[in-house]
Amino acid sequence: RDILRNRAYLGTYSRFGVRIPDSHRALVSPSDFRKVQENMAKRRRGGTGRSLHPFLLSGLVFCGRCGNRMIGVSRRQHWTTRAGEERKATYRYYQCESRTNQNTCSYNTQREAELETRVREMLAEPNGTATRLQRAGGADAYAEEIATEIERIEGRLRQNRRQVEALVGEAASGQLPVERMKAIGAGLAKDQRELEREVDEAKARLAAERSEAEREEQAEATCKRLLTRWDDLNLEERQALLREVIDRIEVDGDDARLLRRH
Numbered sequence: 042r043d044i045l046r047n048r049a050y051l052g053t054y055s056r057f058g059v060r061i062p063d064s065h066r067a068l069v070s071p072s073d074f075r076k077v078q079e080n081m082a083k084r085r086r087g088g089t090g091r092s093l094h095p096f097l098l099s100g101l102v103f104c105g106r107c108g109n110r111m112i113g114v115s116r117r118q119h120w121t122t123r124a125g126e127e128r129k130a131t132y133r134y135y136q137c138e139s140r141t142n143q144n145t146c147s148y149n150t151q152r153e154a155e156l157e158t159r160v161r162e163m164l165a166e167p168n169g170t171a172t173r174l175q176r177a178g179g180a181d182a183y184a185e186e187i188a189t190e191i192e193r194i195e196g197r198l199r200q201n202r203r204q205v206e207a208l209v210g211e212a213a214s215g216q217l218p219v220e221r222m223k224a225i226g227a228g229l230a231k232d233q234r235e236l237e238r239e240v241d242e243a244k245a246r247l248a249a250e251r252s253e254a255e256r257e258e259q260a261e262a263t264c265k266r267l268l269t270r271w272d273d274l275n276l277e278e279r280q281a282l283l284r285e286v287i288d289r290i291e292v293d294g295d296d297a298r299l300l301r302r303h
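Following the working numbering, the numbering of the sequence shown begins with 42 at its first residue and continues without gaps.
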């Protein structure tokens, strides 16, 4: 139960307001994490006022004050007017789970329609309140830096091979004793193995960076599709696309921050 309520088991380090995704190996997948949270919420619904109708942002919204989840709550009111007419209304909102269950957080409540509209607006802002972890200089600059490093190492490898060829030539012509050639050659061979290891590691980093760029490109395409077809999608389709794009939404009163996956 604790594993499926603690985001640290998703591979995310969180301390003093700093969040670092993928800081260690995840023990629970994001989809399993959210599904079990929703199932646990369903089992607690009796008498809590939570709606049987799903909330679009379920599992994505977190309290910006205490860090706990914000859960969907539905309240129904019935009253009689002075004219004797029966009236009823349903109010749906997201509320901090700590406040709801333990009364340990201050009052942090967001109306459903208003918060979902804000999320849609934040997703539409390319350089606005939707943020993500970024490297200084950007992904393109980082990839270029790795490519330059690979060229430098490969240049040293070529130089090393030329030295080996020259060494063998000197030994073959009798200008260099064989034992001396072996001693120098051992050092050159060691240098070559080290350079080959370095270039392999650099190429692996470059491939990983390109894969990350592809994931970011896919995420942007998914976000665009979501925003373009928002009103045409049913709740399940819209929710699935939101979970592909959004890591979490942190809300504190009028302040909201949306963290994207890529």
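Where is the CB? At the ideal position from N, CA and C, for every residue including glycine.
Status (buried if at least 16 other CB within 10 Å, exposed otherwise) for Asp98:
Note that residue 98 is Leu in the sequence shown here, rather than Asp. Its Cβ being crowded by 16 or more others within 10 Å, Leu98 is buried.
Please report the straight-line C-alpha distance between Ala37 and Arg302, rounded to a whole angstrom.
Any property of residue 37 remains undetermined from this structure, which presents the chain solely from 42 to 303.
Buried or exposed for Asp241, please, with buried defined as at least 16 other CB atoms from any protein chain shown within 10 angstroms of its CB.
exposed
Within a Cβ cutoff of 8 Å, which residues of the same chain sit near Thr122, ignoring the five residues on either side of it in sequence?
Arg128
Cα-Cα separation, Leu299 to Arg202
53 Å
Excluding sequence positions up to five away, which residues of its chain have a Cβ less than 6 Å from the Cβ of Leu198?
Leu236
With 16 other Cβ atoms within 10 Å as the buried cut-off, status of Ser72:
exposed
Alpha carbon to alpha carbon, how far is Thr158 from Glu138?
21 Å
Comparing C-alpha positions only, which one of Ile290, Gly294 and Gln118 sits nearest to Gly100?
Ile290
Determine the closest residue to Met222 out of Leu208, Val286 and Asp232, with distance taken between C-alpha atoms.
Leu208
What does the Cβ neighbour count give for Gln216, buried or exposed, with the cut at 16 atoms within 10 Å?
exposed
What is the DSSP secondary structure of Tyr134, counted as helix, strand or coil?
strand
Alpha carbon to alpha carbon, how far is Gln259 from Gln329? Give it in angstroms, no decimals.
No answer is possible for residue 329: the residues shown for the chain start at 42 and end at 303.
Distance between beta carbons of Leu267 and Pro95, contact taken as under 8 Å:
About 17 Å; that fails the 8 Å criterion.
Taking the alpha carbon of Arg75 as the point to measure from, which residue in Val219, Asp293, Glu285 and Leu274 has its own alpha carbon closest?
Glu285
Give me, in chain order, the residues of the same chain whose beta-carbon lies closer than 7 Å to that of Gly169; leave out the 5 immediate sequence neighbours on both sides.
Low local confidence applies: a pLDDT of 48 at Gly169 is under 50, so the model's placement there is unreliable, with the coordinate-based value given in what follows. Closer than 7 Å at the Cβ level, and outside the excluded window around Gly169, lie Met163.
In terms of residue numbering, what span does the alpha helix (DSSP H) encompassing Leu229 cover?
Val219 to Thr269
Taking the alpha carbon of Ile187 as the reference point, which residue from Glu250, Thr131, Val160 and Val219 has its own alpha carbon closest?
Glu250
Which class does Asp295 belong to by DSSP, given the choice of helix, strand or coil?
coil
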